[in-house]
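J.: Residues in the sequence shown are numbered consecutively from 303, following the numbering used here.
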Amino acid sequence: MESIRKVSTLIRHLKNAVPEDFPKILKALKIPSKEFEPFMSWKPNGYSRNCIRREAHFELVLLCWNPGNATPIHSHSGQKCWVYQVSGKISEKRFLRQDSGDPREISTKALYPGTLTYMEDRMGYHVLENDSGLAATTLHLYMSPIDSCEYFCKDEAVFKEKKLAYDTIHH
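#1: For the alpha helix (DSSP H) holding THR373, just list the boundary residues, first then last.
#2: Thinking C-alpha only, which one of PHE324, LYS317, ARG356, MET342 is nearest ASP449?
#3: Under a three-way DSSP split, which group does MET421 fall into?
#4: Pick helix, strand or coil for PRO321, following the three-state DSSP scheme.
#5: CB-CB under 6 Å to GLU431, same chain, minus the five flanking residues each way: which ones, in chain order?
#6: Pop quiz: LEU316 and ILE333 are said to be a contact at Cβ under 8 Å. What is the actual Cβ separation, rounded to whole angstroms?
#7: Would you be able to state if there are at least three C-beta pairs under 8 Å between the region 433-444 and the region 374-387?
#8: Quick one: what does DSSP say LYS464 is sitting in, helix, strand or coil?
#9: Might you give, ordered along the chain, the residues of its own chain that have their beta carbon closer than 6 Å to the beta carbon of CYS353, omitting 5 neighbours on each side?
#10: How about PHE491 and PHE360: do their beta carbons lie closer than 9 Å?
#11: What's the gap between the Cα of THR419 and the Cα of ASN347?
#12: Tell me whether ILE313, by its Cβ, gets closer than 8 Å to a heavy atom of the ligand FMN.
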């Protein structure tokens with residue numbers, strides 16, 4: 303497959319693909335970060351979730367991270383999730399749920415521009431965190447749209463369900 307250098311080309315490939323082809327498509331990504339600028343939205347506190355495209359068989363979301371932003375420990379509601387690092391640096395920490403119900407960290411890895419990572423619920427839970435001093439962006443591809451996920455509530459030390467929302471929608 304030829305390199306994919308535009309968001310519109312990525313969307314076209316995803317719309318015409320079966321989900322089994324998603325990894326091959328994502329490995330062809332060579333989209334410069336400036337191509338994502340029309341989809342970027344920044345919040346003063348926290349990261350933003352910007353929907354680029356939502357179809358029956360996939361959801362493409364750009365997350366914009368200020369320094370120090372992090373997700374809670376969370377699942378993906380049974381969906382497959384690929385994360386492509388567009389710009390900056392993000393750390394991914396993975397967790398398993400112990401018999402006690404508490405999460406236990408099992409690995410950490412740094413994501414740099416061009417890095418692709420994959421996660422699904424059978425692999426456990428994860429946290430994404432911008433632990434660098436600079437802004438970062440990540441592109442998330444879900445095999446089907448995700449409207450809610452399970453997350454670990456630190457205050458109550460239990461997993462809870464959370465409804466997900468977008469900060470911006472671009473179609």
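Don't be surprised by glycine CBs; every beta carbon is placed ideally from N, CA and C.
T.: Let's see:
#1: Unbroken run through THR373: none, as it is neither H nor E.
#2: Closest by alpha carbon: ARG356.
#3: Assignment of MET421 by DSSP, reduced to helix, strand and coil, places it in the strand class.
#4: It is helical.
#5: Beyond the five residues adjoining it in sequence on each side, GLU431 comes within less than 6 Å, by CB distance, of ALA372, SER393 in the same chain, given in chain order.
#6: Going by Cβ atoms, the distance from LEU316 to ILE333 rounds to 13 Å, so no, they are not a contact pair.
#7: By the Cβ rule, the region 374-387 counts as touching the region 433-444, because three or more pairs are nearer than 8 Å.
#8: Strand.
#9: If we look at CYS353 and ignore the five residues flanking it on each side, its Cβ neighbours are VAL363, TYR468, ILE471.
#10: Only positions 303 to 473 of the chain appear in this structure, which leaves residue 491 out of reach.
#11: C-alpha separation (whole angstroms): 25 Å.
#12: Within the structure as shown, the ligand FMN is missing, as the structure has no ligands at all.
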